[in-house]
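Undergrad: Have a look at this one before I ask anything.
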Amino acid sequence: MLAYITKRMLLMIPLIFGITLITFIVIHLAPGSPVEVQTEMSLKVSAQAKENLKKLYGLDKPLHIQYIEWLQRFLELDFGKSFVDGRKVLDKITERIPVTLVINVLSLLLILIVAVPLGVLSATKQYSWFDKLSTIFVFVGFSTPSFWLALLLMILFGVNLGILPISGIQSIDVSEMGPFDRVLDWIRHLVLPVGVSAFGGIAGLSRYSRSSMLEVIRQDYIKTARAKGLPESRVILRHAFRNALMPIVTILGLSVPGLIGGGVIFETIFAIPGMGQLFYSSTMSRDYPTVMGILVIGAVLTLVGNLVADISYALVDPRVRVRK
Amino acid sequence: MNLLRIIGRRFSRNKLALIGSSVVLSLITIALFAPILAPYDPTTIDIQNVLSPPCKAHLLGTDELGRDLLSRMIWGSRVSLKVGIVAVGIAMIIGIIIGSVSGFYGGTADAILMRFVDVMLAFPTFFLILAVIAILEPSIFTIMAVIGVTGWMDVARLVRAEFLSLKERDFVDAAQALGASNFRLIFRHILPNALSPVFVAATFGIAGAILTESGLSFLGLGVQPPDPSWGNILTSGKDNIEVAWWLSLFPGLAILITVLSYNLVGEGLRDALDPRLWGAERD
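Order-wise, the sequence lines are chains V and C. Sequence positions in the first sequence follow numbering that gives the first Met the number 0 and run 0 to 323. Sequence positions in the second sequence follow numbering that gives the first Met the number 0 and run 0 to 282.
If you want it as structure tokens, here you go:
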């Protein structure tokens, strides 16, 4: 097991290197240098001042030197300073992570709680009306733009019914509330964002658990379990379900980039101060150090998600460990 | 020919896939004949009729500048069609080339290309797209290119997998023995046999590209106003969320129906093209 994990982690090193390289190349595709973006507002900036700014950011050096220097600083977790407000990029990112993490974890939980039973039920009752209904739901779920769903829910619950707040993560008067009200306020603000971000995932995962379950049900050992007279509920829950769950673990790990990336749109809509919103505002203001920082961190988080998925898969399925 | 007929029969037995393909065909027709079908000019401003709810003169209402929503949506269907086709076309070309080379030659080339695929897959796609678009000028062309360039990885993996099994087959050995060049082996002999999963992926890819385009246009990074796209109409839906529900409802519904139809066609194609399912009547 340890050998498997070590091997798996060593494989990540070239990938992380590739991630930094692509990030660097993407950002340096930019036609105008960030110095121009910063100074275009004031015409009085002299050529000399521009040169000084370039030197400050190391933009006067050849590209490969810039990359190596950036990589060195990056390995020390120094992402540089934001072009917008001069604060450390790492600080800007880390203060955004908790919100995004909370929403992602909550919506992953919601996805699991709803999707897995949904998928398993439709598989055990294949071709029933329940199965057909949930298949329709899955297709609609796949095809719904999440930001549109967010808009509709905002109109319904925020504007028409007026029972849920439509932006931010806390009310303005939150400091005057008692601890209980504060938690309630927080929950009320999170209902819509978590629901919207889970929606597409529920469709995907329930489809996946359905087909995984269908596959398992056809296996000989299920026939054996039935043949030896076990009650159907025990066959499904003990014999089939546990085996069908294994590939689902992988899918959860693979859904990490979608959740992180999808955050951009709904965090912007709901005005949630998370990573997605920071990324959006940084790209709009061409805050390259922040953009690069988030791109790399987002990609590395994805790798970690995959790693966790692979390791847990190896834990539940001994065949993976043994295979060379 | 016989094979095509089997596939066609299997596809047409699938009701949902048939519904999906007829919707897709109608959408293509609407996009092609937009100038004739649209009751108004999509960009003409009418101050007298600002934010009019759906009525006889404006079936789906008007936006904050008095422009007819139905006409804007009809013209907007062109954007979805173009983005879907061009972006997926780019993704297919890149994916097929990288997948073929990787699967055919194997060895070091394969190892390097597949690590490249892994790296590209590690980025949250939307982040990568957003970064590139913000750096370049946002326009429909940027969007098509960027969605294509960030969306080829699955195709590359599919094509590679097909190549790995196909290149061991006897007909490839036979062609090689007859002196066919590698280029000919790849494009004439192996690739045509590897295409069916690519078609399926392309159909799902169009659906995904339309969704991505609408999201980007919604954020203001796609099709620029006054040109209409379903995504940027939704932006004005959000800006007028308290007064004009129709601006939020209808364009989103159009996106949903379009994407759903492509997904149904893709699902139908996948089932029809999967030989393992040919024996089974229902599966």
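The beta carbon of each residue, even a glycine, is placed where N, CA and C say it ideally should be.
#1: Run the CB neighbour count on leucine 132/V, radius 10 Å, all protein chains shown included, and call it buried at 16 or more, exposed below.
#2: Does the Cβ of methionine 91/C have 16 or more other Cβ atoms within 10 Å, making it buried, or fewer, making it exposed?
#3: Taking 8 Å as the limit between beta carbons, can you name the residues of its chain near tyrosine 261/C, skipping five residues before and five after?
#4: Quick check on the DSSP output: the alpha helix (DSSP H) that includes proline 196/C runs from which residue to which?
#5: In this structure, what does DSSP give as the bridge partners for threonine 61/C?
#6: Going by the beta-carbon positions, is the gap between isoleucine 18/V and valine 116/C smaller than 8 Å?
#7: Are the C-beta atoms of proline 137/C and some chain V residue less than 8 Å apart?
#8: Is the Cβ-Cβ distance between tryptophan 69/V and phenylalanine 141/V less than 8 Å?
#9: Could you tell me which residues DSSP pairs with lysine 87/V in its beta bridges?
#10: Give the single residue among Ser164/C, Leu184/C and Leu163/C whose Cα lies nearest to the Cα of alanine 173/C.
#11: Determine whether the beta carbon atoms of leucine 220/C and alanine 133/C lie at a separation below 8 Å.
#12: Looking at the secondary structure, which residues open and close the alpha helix (DSSP H) in which alanine 243/C lies?
#13: Can you tell me where the alpha helix (DSSP H) with asparagine 1/C in it begins and where it stops?
#14: Using a Cβ-Cβ cut-off of 8 Å, state whether leucine 108/V counts as contacting chain C.
#15: Any C-beta of chain V sitting closer than 8 Å to the C-beta of proline 123/C?
#16: Who are the near neighbours of leucine 135/C in its chain, counting only those whose CB is closer than 7 Å to its CB and skipping five residues on each side?
#17: Which residue wins for smallest C-alpha separation from histidine 57/C, given the options Tyr39/C, Asp153/C and Ile256/C?
#18: Taking C-alpha atoms, which residue in Gly106/C, Leu26/C and Ile146/C lies nearest to leucine 163/C?
#19: What does the Cβ neighbour count give for tyrosine 287/V, buried or exposed, with the cut at 16 atoms within 10 Å?
#20: Report back the beta-carbon spacing between threonine 289/V and lysine 91/V to the nearest angstrom; my notes put them in contact at under 8 Å.
#21: Compute the Euclidean distance between the alpha carbons of valine 88/V and glycine 273/V, then round it to the nearest angstrom.
#22: Going by C-alpha distance, which of Leu263/C, Pro274/C, Leu2/C and Val100/C is nearest isoleucine 135/V?
#23: Rounded to the nearest angstrom, how far is the Cβ of glutamate 212/C from that of isoleucine 128/C, given a contact under 8 Å?
#24: Step through the CB atoms of chain V and report whether any lies within less than 8 Å of the CB of glycine 236/C.
#25: Please go through the same chain and pick out, in chain order, the residues whose beta-carbon is closer than 7 Å to the beta-carbon of serine 205/V, but skip the five residues on each side of it.
#26: Hey, quick one: how far does the alpha helix (DSSP H) through lysine 222/V stretch, first residue to last?
#27: Checking 8 Å against the spacing of the C-beta atoms, do leucine 272/C and valine 199/C come in under that value?
#28: Using a Cβ-Cβ cut-off of 8 Å, state whether aspartate 270/C counts as contacting chain V.
#29: Which term fits proline 256/V, buried or exposed, when burial requires 16 or more other beta carbons within 10 angstroms of its beta carbon?
#30: Are the Cβ atoms of arginine 225/V and valine 234/V separated by less than 8 Å?
#31: To the nearest whole angstrom, what separates the beta carbons of leucine 218/C and tyrosine 279/V, a pair I think is in contact under 8 Å?
#32: Please state whether DSSP places isoleucine 162/V in a helix, a strand or coil.
#33: Quick check: what's the CA-CA separation for leucine 108/V versus isoleucine 102/V?
#34: Helix, strand or coil for histidine 27/V, going by three-state DSSP, please let me know.
#35: Can you look up valine 301/C in the DSSP assignment and give me helix, strand or coil?
#36: Count the other CB atoms within 10 Å of the CB of isoleucine 254/C; is the residue buried (16 or more) or exposed (fewer)?
TA: Working from what's here:
#1: Counting from one through the first sequence, the residue named residue 132/V turns up at place 133. It is exposed - the Cβ of leucine 132/V has fewer than 16 other Cβ atoms within 10 Å.
#2: Taking the first residue of the second sequence as 1, we reach residue 91/C at position 92. It counts as buried.
#3: Within the second sequence, the letter at position 262 stands for residue 261/C. The residues are Gly19, Val23, Gly83, Thr202, Phe203, Ile205, Ala206 and Ile209.
#4: On the second sequence, residue 196/C is found 197 positions in, with the first residue counted as 1. Unbroken alpha helix (DSSP H) run through proline 196/C: 195-217.
#5: By 1-based counting over the second sequence, the position of residue 61/C is 62. Note: threonine 61/C sits in a beta bridge opposite Asp67/C.
#6: The sequence position of residue 18/V within the first sequence is 19, counting from 1. The sequence position of residue 116/C within the second sequence is 117, counting from 1. No, these two residues do not count as a Cβ contact at 8 Å.
#7: Here residue 137/C refers to the residue found at position 138 of the second sequence. So, not an interface residue.
#8: Numbered from its first residue, the first sequence carries residue 69/V at position 70. Numbered from its first residue, the first sequence carries residue 141/V at position 142. The answer is no: Cβ separation not under 8 Å.
#9: Position 88 of the first sequence, counted from the first residue, corresponds to residue 87/V. Bridge partners of lysine 87/V: Lys80/V.
#10: Here residue 173/C refers to the residue found at position 174 of the second sequence. For alanine 173/C, the nearest C-alpha among the options comes from Leu184/C.
#11: On the second sequence, position 221 is the one that residue 220/C refers to. On the second sequence, position 134 is the one that residue 133/C refers to. In this structure, alanine 133/C lies closer than 8 Å to leucine 220/C by Cβ.
#12: The sequence position of residue 243/C within the second sequence is 244, counting from 1. First-last for alanine 243/C: undefined, no H or E at that position.
#13: Position 2 of the second sequence, counting from 1, holds the residue named residue 1/C. Asparagine 1/C -> alpha helix (DSSP H) spans 1-11.
#14: Here residue 108/V refers to the residue found at position 109 of the first sequence. It does not; no Cβ of chain C falls within 8 Å.
#15: As a position in the second sequence, residue 123/C is number 124, starting the count at 1. Judged by the 8 Å Cβ criterion, proline 123/C is in contact with chain V.
#16: Counting from 1 along the second sequence, the entry for residue 135/C is found at position 136. Result list for leucine 135/C: Thr141, in chain order.
#17: For the purposes of this step, residue 57/C is taken as the residue at position 58 of the second sequence. Distance check between histidine 57/C and each of Tyr39/C, Asp153/C and Ile256/C places Tyr39/C closest, using alpha-carbon atoms only.
#18: Within the second sequence, the letter at position 164 stands for residue 163/C. Measuring from the Cα of leucine 163/C, the nearest candidate turns out to be Gly106/C.
#19: Locating residue 287/V in the first sequence gives position 288, counting from the first residue. By the 10 Å Cβ count, tyrosine 287/V comes out buried.
#20: To locate residue 289/V, count along the first sequence from 1; it is residue 290. To locate residue 91/V, count along the first sequence from 1; it is residue 92. Threonine 289/V to lysine 91/V, Cβ: 6 Å. Contact.
#21: Position 89 of the first sequence, counted from the start, is the residue given in the question as residue 88/V. Position 274 of the first sequence, counted from the start, is the residue given in the question as residue 273/V. Answer to the nearest angstrom: the Cα atoms are 14 Å apart.
#22: Looking up residue 135/V in the first sequence gives position 136. Nearest C-alpha to isoleucine 135/V: Leu263/C.
#23: For this step, residue 212/C is matched to residue 213 along the second sequence. For this step, residue 128/C is matched to residue 129 along the second sequence. The Cβ separation is near 10 Å, so there is no contact.
#24: Indexing the second sequence from 1 puts residue 236/C at position 237. Yes, contact with chain V.
#25: Numbered from 1 along the first sequence, position 206 holds the residue referred to as residue 205/V. Contacts found: Ala114, Leu117, Gly118, Ser133 and Val137.
#26: One-based indexing of the first sequence puts residue 222/V at position 223. Note, lysine 222/V: alpha helix (DSSP H), 219-226.
#27: Stepping through the second sequence from its first residue, residue 272/C is reached at position 273. Stepping through the second sequence from its first residue, residue 199/C is reached at position 200. Yes, they are a contact pair.
#28: Taking the second sequence and counting its residues from 1, the one referred to as residue 270/C is at position 271. Cβ-Cβ to chain V under 8 Å: no for aspartate 270/C.
#29: Translated into positions along the first sequence, residue 256/V becomes position 257. Flag for proline 256/V reads buried.
#30: As a working note, residue 225/V is residue 226 in the first sequence. As a working note, residue 234/V is residue 235 in the first sequence. Yes, the pair counts as a contact, with Cβ atoms nearer than the cut-off.
#31: Locating residue 218/C in the second sequence gives position 219, counting from the first residue. Locating residue 279/V in the first sequence gives position 280, counting from the first residue. About 7 Å separates the two Cβ atoms, so the contact holds.
#32: The residue given as residue 162/V occupies position 163 in the first sequence. Three-state result, isoleucine 162/V: coil.
#33: Along the first sequence, one-based indexing puts residue 108/V at 109. Along the first sequence, one-based indexing puts residue 102/V at 103. The alpha-carbon atoms of leucine 108/V and isoleucine 102/V are separated by roughly 10 Å.
#34: Looking up residue 27/V in the first sequence gives position 28. Coil, per DSSP.
#35: Residue numbering for chain C in the displayed model covers 0 to 282; residue 301/C lies beyond these limits and cannot be assessed.
#36: Numbered from its first residue, the second sequence carries residue 254/C at position 255. Buried, because 16 or more other Cβ atoms sit within 10 Å of the Cβ of isoleucine 254/C.
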